[in-house]
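S.K.:
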Amino acid sequence: MSNKELQALKERYVAAGAASPNDQFADHALNAEVWDADGKRMIDFAGGIGVLNIGHRHPKVVEAIKAQLDKLMHTCQTVMPYEG
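Going by the working numbering, the sequence shown opens with residue 1476, and the numbers climb by one from there.
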């Protein structure tokens, strides 16, 4: 879907309080770049402060996530602690 089509869906189905000053919708990202629904490539300045300091989809991080998902996704640490 295009940014325009996604914006129309957002206006129809998402509460008005969930506002965004941006009319571009992220489609995918790699390293420090993000592509919108229309294929426009941009430097990602919105990817979470301090969260993506190594960029999107770093191979070592993806490998670690896949390994963890094969074991256990998540439990409440205070109820059922786990290593990892």
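Glycine residues also receive a C-beta, built at the ideal position from the N, C-alpha and C atoms.
Keep in mind that this is a model prediction, so the values were computed, not measured.
Let's see if you can read the secondary structure: which residues bound the beta strand (DSSP E) around Ala1491?
M.R.: Counting along the chain, Ala1491 falls outside any beta strand (DSSP E), and DSSP gives it neither H nor E.
S.K.: Would you tell me roughly how many angstroms separate the C-alpha atoms of Glu1480 and Gln1499, rounded to the nearest one?
M.R.: Distance between the alpha carbons of Glu1480 and Gln1499: 11 Å.
S.K.: Check the C-beta distance from Asp1511 over to Ala1501 and give it rounded, since I have them as a contact under 8 Å.
M.R.: Confirmed, about 6 Å.
S.K.: Could you please give the first and the last residue of the uninterrupted alpha helix (DSSP H) stretch that includes Lys1498?
M.R.: Reading off the sequence, residue 1498 comes out as Asp, not Lys. Looking at the DSSP string, Asp1498 is not in any alpha helix (DSSP H), and its letter there is neither H nor E.
S.K.: Hey, would you say Asp1519 sits closer than 8 Å to Asn1478, going by beta carbons?
M.R.: No, these two residues do not count as a Cβ contact at 8 Å.
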